[in-house]
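Read through the structure below, which is laid out as structure tokens, and then see the notes.
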Amino acid sequence: MSSASSTTARAWRPSLARRHVPVLATLALLLVMYAVGVSQYRAFSNVQVVFNVFIDNGFLLVVAVGMTFVILTGGIDLSVGSVVAMTAMVSASLLQSGLPAALVLVVALLIGPTLGFLMGCAIHFFDIQPFIATLAGMFFARGMCTFISDASIPITDGFWTTMSQERIGDPRGNFVSISVLIALAVVLVAAYVLTYTRFGRNVYAVGGNSQSALLMGLPVGRTRIAVYTVSGLCSAIGGILLSFYTLSGAPLIAVGMELDVIAAVVIGGTVLTGGSGYVFGTVLGVLVLGVIQTLITFDGSLNSWWTRIVIGGLLFAFILLQRLIGIRFK
Amino acid sequence: MTGSRPVLTMTGISKTFPGVRALHDVDFRLFAGEVHALMGENGAGKSTLIKALTGVYEIDEGTITLDGEQVAFSGPMQAAAHGVSTVYQEVNLCPNLSVAENVFIGREPRRLGVIRWGETRRRARELLARLDLDIDVTALLGTYSLAVQQMVAIARAIDVRARVLILDEPTSSLDADEAAQLFRVMRQLRDEGLGILFVTHFLDQVYGIADRITVLRNGTLVGEYRTEELPQFSLVEKMIGKELDVLERLDEQPRRVVSSRADATALVDTAELGRKGAVAPFTLRIHAGEVVGLAGLLGSGRTEVARLLFGADRADHGQIRVDGGKAPLRNPVQAIDRGIGFCSENRRAEGIVPDLSVRENMMLAMQAARGWLRPIPRRRQDELVDRYVQALSIRPANPDLPVRNLSGGNQQKVLLARWLITEPRLLILDEPTRGIDVGAKAEIQKLVVELSDGGMAVLFISAELEEVLRLSHRVAVMRDRTMVAQLTNDDTLDADRVMRTIASGTHRKEVQR
Amino acid sequence: MNTLTDRFRPLTGHRLFWPALVLVVMLAANTVYRPGFLSVEVKEGHLYGTPVDILRLSAPLILVALGMTLVIATGGIDLSVGSLCAISGAIACLHISEASDQNSLSTVFTALALAFGVALVLGAWNGLLVAVIGIQPIIATLILMVAGRGLAQLITEGQIITINSGPYRAIGLGHVLTLPLAIIIAVAAALLVAALTRRTALGLIVESVGGNAEASRLAGIRSGRIVFLVYVVSAACAAIAGFMMTANVSSADGNAAGLWIELDAILAVVIGGTSLAGGRFSLGGTILGALIIQTLTTTVYAMNIDPQTSLLFKAVVVIAVCLIQSPAFRARVSRRRGATTPRPTTRQPEKEQVSA
Amino acid sequence: GNSDTGGDSGGDDKLVLGFSQVGAESGWRTANTTSIKEAAAAAGIELKFDDAQQKQENQIKAIRNFIQQKVDVIAFSPVVESGWDTVLKEAKDAGIPVILTDRAVDSADKTLYKTFLGSDFVKEGRLAGEWLVEQTKGASGPVNIVELQGTTGSAPANDRKEGFAKAIAANPNLKIVASQSGDFKRADGKQVMEQFLKANPDIDVLFAHNDDMGLGALEAITAAGKVPGKDITIITIDAVKDGMQALADGKFNFIAECSPLLGPQLMELAKKVEAGEEVPARIETEETTFTQEQAKAALPSRKY
Ligand SMILES: Nc1ncnc2c1ncn2[C@@H]1O[C@H](COP(=O)(O)OP(=O)(O)OP(=O)(O)O)[C@@H](O)[C@H]1O
Ligand SMILES: Nc1ncnc2c1ncn2[C@@H]1O[C@H](COP(=O)(O)OP(=O)(O)OP(=O)(O)O)[C@@H](O)[C@H]1O
Ligand SMILES: [Mg+2]
Ligand SMILES: [Mg+2]
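Chains as they are written, first to last, in the numbering used here: chain Z, 1 to 330; chain R, 1001 to 1513; chain V, 2001 to 2356; chain G, 3001 to 3304.
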């Protein structure tokens, strides 16, 4: 037995590095991409461009954080885009009908988690595959959107307008919106929960092997239901942020957002089969998508189809490089 | 302890799975301060009884009382909360978490709801030290061998403030030292008043530690006995329900045939084959009809040798010859093409395809070798499957059950059958007898002898040195991921000498060259 | 358990029983709403009626879902099928539209071969990313899902290419022996895939790779090749589906053709009882699933369900279908209805003797 | 900092126009894009083009980036009506004038954009309805109309529906018996029409919110053994080439035009706005309607 101690030191370094390789690779490539932008396009180096990436993707970030929880357990949540839209729609229509902002916030923040909870229950108690349960959730939430109104509803409420238009910035005119701060707060809380609470660790355990987790006496069912609830909550917050962002609720907004979100999470190094990944990686994943989009707008010469082809191409280049770097370091 | 009331009683337990009656009216009781062995053949219902107790399965009938109070646990979590701590058969931990976490997850030390990582690691180290295991607790569990994982699972179970500790085949992947260490801890816990339910297929372990034995056969209770009142012989007879002749014959004829084929072309011949970080370069020849045993402590690199020979991992040093011709084995397909088969020690991750039926699992390797365009005719399948279900007494004998529904030992037999069907020229068996009951173990040993008589070469890896010695013509000894010796199995070789070779690193070089 | 359910076990135990029941219930509901729903008549030498419409319209979905079934059985997923439909349709229509004689059979066959070839190449691309480079399937195919739409639009230059070709039209609308050709193609494809998987060992190998990739590798299966193959097959199915869709309206719309069909296809596969985790698959189930989804769509139109509520309706039906299929759900319901004592504590009076 | 980077960017004094397009969801939209690109090139304007792929979020991002790049004028076709105030305010603060094209926004603060250039969807619906009322003046019995709506909730769908409904109210015989969304697409239009035909044995008129759905419905009508343009009168909106062809072939009966060719008008406006000239708050594109005869005459010279 004592001979084993010689392996002790060896096991430590590689495994630590290996766990972080995907995230580090993403970070490095993101910086490269940013550098390319700076060298190619006028005004790309403005600090505000970076801030804009955050402003424009704050809601995406929050939703992606929720999705990270779900994917870490090995599940998937397709309902997020629709729940975001539904939350925005509900807020807009309640505000329109004259309810006070505080009450609207509470109501809007309750709907998402409730739906998430129900989907989680369907998944856990009735063994319905997450893809299907959340697909039904997606249909439902989208249906609710058009049910509420089939045209977009503007928001004129004072609180919303302030949240939307308040600029927090430096004297030189660079600024971020309040939504960015909220999004970053969500990120920090999520990272904290995943690392330092039992719930967070259970999420990883369930993703690693849910059968084992069950036999280890972990509350698998509760955890599973909870992650969908968390995802629902994040989608609700994302929906509120989106309503700050657009100052309206539109029934067809955020269509297909779930795919962006999943892509961001996976690019951030979280494995779809669950059990491994970090919230910080997800932040990077969202930034990657944001920077790709910024690059394309700055270019300003691509027509519709080339835009799509180039997005696909950049995504491919990014994932390929990330993968190659990952292999090299293994 | 006899006078006291049992801490745990199970009465009239029945449990039926679709098509299988796993338990029928079984009674069981466990006293505080005893080690109680639960014995039975593969598929007798041991694991099922344990899972019925801890609420993994809902029982059809029967009652369970814990400390005189009737209970019906909803699952392991609730059972653990009531002081029933369990290590289930097959390692059930999370490979993606660190060792420390696996030990403590669900009851991490916390302050104000915040996990104290430093404390968690410290306590994990302490606990593992109790089992004499000194490993990096921050490394991911998945990077360690099955044996280490098994120890971690045990560490996890013994930390709980439990009244009842259940260990379902905890020693199957441990070597003798490891097991001895575990027994020391078990005795200590027993003396502290814990009731311990212990499942194993090693008879000497039972007699070494158990105070009482309950025997199951085919899902029914045979009886409960005090260990000292039940001779080993009648225990086995009670388990298998018939006279044990096979077993004895084997015991009487230890095979120690000297291999005299060193001059002929070897079937497989490695020259300084190695892989960085896995095994140091080694040179090994295996001839047709020869059984080569691999001995070594846990983690000494036996599995790695096997994987290199099968092309499961790619060697980055040296070369390999098959039939005298150079044969780079870069993947399993190439190895199989050359007549090599490999039965992995990790049957759940690398062996069975749980959703597929017994039949499909058995036919897999042969089908893969034939290619998908040439399906094996149903008649031929039936023939082969029936033959091996019989030969290995796989139970239940219904080849259309999903293999996941079989007991652990029977799954192992299915895997063995998978390779036997392909009629390989070299069969690599990594712990083939792990978790297999006495009867079946004897069958497998007999099989190995027959196969090698029929000209098949076998590389035999087992944690049980006696077994290795009994079957092998030659024994290669591993230490620290290096092949330190190759000993011919003549009259002078015994367990003691092998152990000494493992222990002393001095003449490693001479032996190898 | 209760005896009634026991008696019907052989029937209800069949894996396709519940999806089939759902389909029947949906058709019945439609018939109640509009008695003529199920009526079929012969008009101008071919069958005409809503059931025929459902079959014809579900043909592309069946095709896509067949390929998707194999992909899912290996534990993967293919999001790019919608884009592949659009690309293959666009290429075929473009080629035909540029020909001098759009009705010439050789033009149509060249167009089909060309488009099919491109689809195979794109399928191979997906397979390469997943099987060789090792990118997670959902992301690997997402690339082509995004870029492929762009390619389709590039081919059509953002316009809708309208063609006027009798033979091509026949793929979507033609009839053979009174039956729509589309149905016959779909059935033929289903039989082909079934033969390919069940008459050879391909099905077993696919299921094995999806069930435990590492174990399969160690059993000597070249899982890489199999995974590669299923993406190519999926692309081929999507290509044919693309022909049908475009032939159905005699025009190729790079933006709209096959939009979101990947979700419907995945839904069909899962309703049919194949797990997204990979492993066992059921082609029959997939076809039933596709029929259920098309019936659902047609129901929305036929009942003139308000577009505002049609998605809600779809959500309800999907969840109902899945619940009814879930053994856990049925167990719960029947337990609630049946025994009030969950765990009988009485022991059987007579012990049965079990032979050793 | 950003204040010193952009200012001197106008080394060449070409006018820079940032244009954010909805997407390329239809032939109409592509024609619109082409028109804008060609007109920009012809007018010597540097165009920064961005495609939002039908997502409002993307459009907002694009406008933000235009502001960063300090373009001279921003123009865009909003995906939806609401929700532009914040970003338009940022543009205003940066001193960049904004022109809306094709679709309007509902901002209360009208100073956020300079002008709107586009069609009047309500009018299109109304023109279609008025033609029908005119045609059916003599009808004694009820006239059954089915309506293929555009994408649920989109401005063109809502407005065309409204305009049409108002117009046909003039004749109580005209009745919409079924109305479903065909999502502006051929395939959907066809599928919906198939069900319309089965559920309603006597349909007299089809009103489709665009040509594509009408073209899809054509197929369904033919398959049902009816003669389009005769058994069922077909009215659509847009007048894209395929639609005009159908009209000229007698399969459609009437099309209200909705012209995508607003590039030249846009460039002119951009120059005026940049120069600080006053422009009207609303400019409508020049549009007309087509009957079968007019279509035959106009078809050879159609650009899209
Ligand atoms: N989940 C299940 N579904 C169906 N049958 C099962 C299931 N689990 C176990 N069985 C069957 O129940 C019987 C008892 O199995 P069990 O696992 O309890 O055996 P065991 O005594 O632990 O054997 P081993 O020594 O091989 O571990 C076996 O016949 C097995 O095939
Ligand atoms: N006591 C130990 N301390 C640290 N690491 C260990 C120990 N035992 C095993 N390992 C780990 O196990 C791995 C090698 O195990 P391997 O499977 O080669 O051993 P083995 O000889 O086949 O043993 P067995 O099959 O009996 O588990 C190494 O990665 C090593 O880090
Ligand atoms: Mg067992
Ligand atoms: Mg080993």
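Glycine included, each C-beta is placed from N, C-alpha and C at the ideal position.
Values in this document were obtained by computation on a predicted structure and should not be read as measured data.
Within the DSSP secondary-structure output, R/Ser-1098 pairs in a beta bridge with R/Leu-1140. In the structure shown, R/Ser-1504 adopts coil according to DSSP, grouped into three states. Annotated three-state conformation of R/Arg-1029 is strand, per DSSP. Nearest CB-CB separation between Z/Pro-219 and chain R: below the 9 angstroms threshold. Residue contact check for Z/Arg-19 against chain R: a CB pair falls below 9 angstroms. If you check each beta-carbon in the segment 1143-1172 of chain R against every beta-carbon of chain Z, the ones closer than 7 angstroms belong to Thr-1143. For the segment 1081-1105 of chain R, the residues whose beta carbon sits under 7 angstroms from a beta carbon of chain Z are, in order, Tyr-1088, Asn-1092, Leu-1093, Cys-1094, Pro-1095, Asn-1096, Leu-1097, Glu-1101 and Ile-1105. If you compare the alpha carbons of G/Gln-3149, G/Ala-3270 and G/Val-3105 with that of G/Ala-3157, the shortest gap goes to G/Gln-3149. Distance from the CA atom of Z/Tyr-204 to the CA atom of R/Leu-1165, rounded to whole angstroms, is 26 angstroms. Assignment of R/Ala-1147 by DSSP, reduced to helix, strand and coil, places it in the helix class. Assignment of R/Arg-1404 by DSSP, reduced to helix, strand and coil, places it in the helix class. Residues of chain Z whose Cβ lies closer than 8 angstroms to the Cβ of R/Pro-1076 are, in chain order, Leu-214, Leu-215, Met-216 and Gly-217. Bounds of the alpha helix (DSSP H) holding Z/Ser-164 are 158-165. Taking each of G/Gly-3083, G/Ile-3060, G/Lys-3092 and G/Lys-3055 in turn and checking the Cα distance to G/Asp-3072, the smallest one comes out for G/Lys-3092. Per DSSP, the beta bridge partners of R/Arg-1226 are R/Arg-1212. Around the beta carbon of Z/Val-176, 16 or more other beta carbons sit within 10 angstroms, so the residue counts as buried.
At a cut-off of 9 angstroms, the C-beta of G/Ser-3082 has a neighbouring C-beta in chain Z. Taking a cut-off of 8 angstroms for Cβ pairs, the segment 1108-1121 of chain R and the segment 1189-1206 of chain R do not touch, as fewer than three such pairs fall below it. Z/Ser-248 sits in a strand when the DSSP states are folded into three classes.
In this structure, R/Ser-1047 has its CB closer than 8 angstroms to one or more heavy atoms of ligand 3. Taking C-beta separations shorter than 8 angstroms and ignoring five residues to either side along the sequence, the partners of V/Gly-2284 in its chain run Leu-2016 and Gly-2272, following chain order. Residues of chain V with a Cβ closer than 7 angstroms to the Cβ of R/Glu-1423 do not exist, since the nearest Cβ in that chain sits about 14 angstroms away. Taking 8 angstroms as the cut-off, the C-beta of V/Gly-2211 does not count as close to any heavy atom of ligand 1. In the three-state scheme derived from DSSP, where H, G and I count as helix and E and B as strand, Z/His-124 is classed as helix.
Contact between V/Met-2145 and V/Ser-2080 holds: their C-beta atoms lie close to 5 angstroms from each other, under 8 angstroms. Z/Pro-130 sits in a helix when the DSSP states are folded into three classes. Residue side-chain check: R/Val-1199 places its Cβ nearer than 8 angstroms to a non-hydrogen atom of ligand 3. Ligand 1 approaches R/Leu-1401 closely enough that one of its heavy atoms is under 8 angstroms from the residue's Cβ. Beta-bridge analysis with DSSP links R/Thr-1009 to R/Arg-1029 and R/Thr-1065.
Each of Z/Val-193, Z/Thr-73 and Z/Ala-254 was checked against the Cα of R/Ile-1115, and the nearest Cα belongs to Z/Val-193. Within a 10 Å sphere around the beta-carbon of Z/Thr-162 sit fewer than 16 other beta-carbons, which makes this residue exposed. DSSP, reduced to helix, strand and coil, places Z/Leu-95 within a helical segment of the structure shown.
Contact of G/Ala-3039 with chain V by beta-carbon distance below 7 angstroms is absent, the smallest such distance being about 17 angstroms. Within the segment 1317-1342 of chain R, those residues whose Cβ lies closer than 7 angstroms to any Cβ of chain V are, in chain order, Pro-1332, Val-1333, Ile-1336 and Phe-1342. Boundaries of the beta strand (DSSP E) harbouring R/Met-1478: 1474-1479, taken from the DSSP string. Contact between G/Ile-3255 and G/Thr-3289 holds, since their C-beta atoms are separated by about 7 angstroms, short of 8 angstroms.
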